[in-house]
Amino acid sequence: MKNVLTMVFVAAFLLSCGGEKKKEKEGFSYENKSTAKEEVKEDPNEANIVLVGDDLMKFDKTEIKAKAGQKVKLTLRHKGKMDLNVMGHNVVILKQGVDIATFAGKAAIARDNDYIPVDSQDIIVFTKTIGGGQTTSIEFEAPAAGTYDFICSFPGHYAMMKGKFIVE
Numbered sequence: 001m002k003n004v005l006t007m008v009f010v011a012a013f014l015l016s017c018g019g020e021k022k023k024e025k026e027g028f029s030y031e032n033k034s035t036a037k038e039e040v041k042e043d044p045n046e047a048n049i050v051l052v053g054d055d056l057m058k059f060d061k062t063e064i065k066a067k068a069g070q071k072v073k074l075t076l077r078h079k080g081k082m083d084l085n086v087m088g089h090n091v092v093i094l095k096q097g098v099d100i101a102t103f104a105g106k107a108a109i110a111r112d113n114d115y116i117p118v119d120s121q122d123i124i125v126f127t128k129t130i131g132g133g134q135t136t137s138i139e140f141e142a143p144a145a146g147t148y149d150f151i152c153s154f155p156g157h158y159a160m161m162k163g164k165f166i167v168e
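In full-length UniProt numbering, the protein residues as written are 1 to 168.
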């Protein structure tokens, strides 16, 4: 019995010691990454927006911002693992006053056009639809000042994957 308790104590001690080294290494690498980010100078005339979607049908942000007339680079990352046909995501920025549910209903039947209604006059801009592990980007000029809705137009996603694009 004493041998078993001794072995358990030794194993616990060894495991706890290894964790400290890992934390030190992680802390060091994070410092290097943040230093590198600080050296990159942002262009005040360009808005770099990154939205991240996942397999739980969520964007990591519900509000994104830019200035009227500003060049915008919108990047969508899908951090999930599910395939495009099962859990595809895109970003569609709608014009002001567009009814989201009506638009999403039209988008849901536009599978052959990447879930974008063919003759839609309701869209400012949209990304292509991507699956787990993929990334896509678009560049555009921000519209006039105001608040615009953005959604994922993959069938059924708009209810949870939506937010506001605020143009100042």
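Quick reminder that beta carbons are idealized off the backbone N, C-alpha and C, glycines included. Source: prediction; values computed, not measured.
Let me check one thing: in DSSP terms, what residues is HIS89 bridge-paired to? Within the DSSP bridge table, the entry for HIS89 names ILE130 as partners.
Measure the alpha-carbon distance for GLY105 versus LYS67 and round it to whole angstroms. One C-alpha to the other measures close to 30 Å.
Rounded C-beta distance between MET160 and GLY53? I'm assuming under 8 Å. That belief does not hold up - the Cβ atoms of MET160 and GLY53 are roughly 10 Å apart, past 8 Å.
So is PHE28 buried or exposed if we call it buried at 16+ other beta carbons inside 10 Å? Reliability fails at PHE28, whose pLDDT of 34 lies under 50, so the model's placement of it is uncertain and no value is given.
If you follow the alpha helix (DSSP H) that THR102 is in, where does it begin and where does it stop? Counting along the chain, the unbroken alpha helix (DSSP H) around THR102 starts and ends at 100-108.
Could you spell out where the beta strand (DSSP E) holding GLU46 opens and where it closes? Residues 46-53.
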